[in-house]
Structures are given as C-alpha cells and as structure tokens.
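Below: one structure, written as structure tokens.
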Amino acid sequence: MKQVFFTCLLFMVGSSHIVAKERDTTQMNISHCNHKSAFYNASYSRFIVPAAFISYGALAQCIDDLQRIDRNTQKHANKNFSGRIYADNYFQYIPAVAVYGLDLAGVKAKHNIRDRTFLMASSYLLSTACVQTLKRTTNVIRPDDSDHFSFPSGHTATAFVGAHLLFKEYKNTSPWICISGYFVAGGIGAFRILNRKHWVSDVVAGAGFGILSVEISYVLLPVFYKAVGIKDMQTSLAMTPIISNHHYGIGLAYTF
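If you read the sequence shown in our numbering, its first letter stands for residue 41, the second for the next number, and so on.
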C-alpha cells in the first residue's frame, strides 16, 4: 500500500514538474511572440526598410566595394543589352493609376478618394523635393555621362510611391495587388539601369525615398484632418433610378 502511495506521489510530483515546465515554455513563447508583434507594430518599424535603402545609396557614394557593385552591374548590363527602353517614362505611373483605377473594378481601398488624393499628392511632393534636392547637391554623373543628376533615381522613386500606396491601401484585400505594384516598380528600376541612366545605388535609394514619402504622408494624414477641420467619414455612393413619361436615367450622389 505504501509503495503504491509513494508511486502515486512521485507520479504527481513529476507531472506537476512537467506541467510547470510546459507552462514556463508556453509563457516564454507567448512573450517572444508579443515582443515580435510589438516590434512589427511599432511606429518606427515602418521606416526601417526605406532607411536601409537610402543608407545603402548614400554609402555607395563613398565606399569602394559598393561602387564596385555599381560598376560591375552596369558593365554586365551594357554587355547584354545595347538598346533603349522607353517604357520606363510611362510605366512609372501605372501603380499610382491603379490606386484609383481599382475603384472601377469594385475593389475597396482602406481610405476614401479624398484621403488617397492627399496621400498621393503629399507623397509625390515629399519624394520630388528630396530627389531633386539631392540630384543638384550630390552631382553624381550618370552611367551614360549625359549629366550629373544621377543620384537618386526619380523614375524609381515615382514608381515606388504608387507601389507602396497600393500596398498600404490593399494589403488586407489582395496580396497580388501589392506584389504587382512592387513588380512594376522594380521593373522601372531595372529599366533605368539597362538604359544606362542610373547606377544600382541610385535605384535602391530612389525606392527608399518613394517608400519613405508614403510612410510620412500616412503619419501626416491625421494632421491634415485637424488642420482643415475634417472629421473622419467614409465615402458613400447613392444611385437612384429616374423615371418619367419621356425620360429614363439614374441619379448619382457621391459623398467624400
């Protein structure tokens, strides 16, 4: 009887030890997940990627190894492609057009047209101001020696403004929309290299400035609300049929 009692006691102690150990492990995992979630949701985390891109482009202007990457990439591009692609002058705006065009397809964005217009305008203003200022102060010569306005790439910045707006507005709707925007923007950067208009570092920095401008614009959106006295309200579209003796039609009322 005593042997059975001690056996049960040892079993209970061992079981409680295992349960306690599993509880500690579970708590550690939950704590680890919470730390990861806190990092990804932190306000500063959104600026890490664009800051890294911009830093790479800036460091490439003074570090030999990064400059060697620019030269070698351009050398291979010149060796395998000697033509000229003109699509980059037009395709850079495709992601931005899609930010509005998806409304026609019935795909709902995160913000209404009024807010998207503010985000679009402020993003392009910020991006253009940064890019054009640096072009005229850094005096980096282009790969084709045409001028000294190579750094950073304005075409790439423009494309990534639209691509990142697509990501921010439709990331909860469709991942394919987000991927397609970045795919187009990345293609614009590749075209600029193939056309011998930009180095790799120019393109990477341009992408960083495009993304950074969008993130800053989202931070400024509540400030815009407060400045103009607009309360957050959703857009609405009302459609009313109009029928009379000799006329038929539809009445539209759009609130934004």
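We treat Cβ as the ideally placed atom computed from N, Cα and C, and that holds for glycine.
Counting only runs of 4+ residues, the alpha helix (DSSP H) found wholly inside the segment 84–118 occupies 88–99, in chain order. Counting the other CB atoms within 10 Å of its CB gives SER214 a total below 16, which places it among the exposed residues. The Cβ atoms of PHE200 and LYS175 do not sit closer than 8 Å to each other. Annotation: LEU142 is outside any alpha helix (DSSP H) and is labelled neither H nor E by DSSP.
In this model, GLY248 and PRO90 are separated by some 4 Å (Cα to Cα). Looking only at GLY123, ARG236, LYS208, the smallest Cα-Cα distance to ASP187 is reached by ARG236.
For THR213, there is no enclosing alpha helix (DSSP H), since its DSSP letter is neither H nor E. Residues LEU166 of the same chain have their beta carbon placed closer than 7 Å to that of ILE256, with the five preceding and five following residues left out of the count. Boundaries of the alpha helix (DSSP H) around ARG176: 153–178. Within the same chain, Cβ atoms closer than 7 Å to the Cβ of LEU206 are found at PRO135, ALA138, VAL139, ILE217, CYS218, GLY221, the five residues on either side in sequence being excluded. Comparing C-alpha distances from ARG108 to each of ASP155, TYR126, SER241 shows the shortest one belongs to SER241. Residue environment analysis places LYS208 among the buried positions, since at least 16 neighbouring C-beta atoms fall within 10 angstroms of its C-beta.
With at least 16 other beta carbons inside 10 angstroms of its own, TYR210 counts as buried.
GLY250 and THR196 do touch by the CB rule: their CB atoms are close to 7 Å apart, below 8 Å.
At the C-beta level, GLY194 and VAL224 stay beyond 8 Å of one another.
Sequence-distant partners of THR178 (beyond 5 residues in either direction) whose C-beta falls short of 6 Å from its own C-beta, in its chain, are PHE191. For SER241, the uninterrupted alpha helix (DSSP H) segment begins and ends at 240–268. Counting other Cβ atoms within 10 Å of its Cβ, THR173 stays below 16 and is therefore classed as exposed. Separation of VAL268 and PRO262 (C-alpha to C-alpha, rounded to the nearest whole angstrom) is 10 Å. In this structure, GLN114 is the residue among VAL254, LEU99, GLN114 with its C-alpha nearest to the C-alpha of ARG182.
Sequence-distant partners of LYS150 (beyond 5 residues in either direction) whose C-beta falls short of 6 Å from its own C-beta, in its chain, are GLU209.
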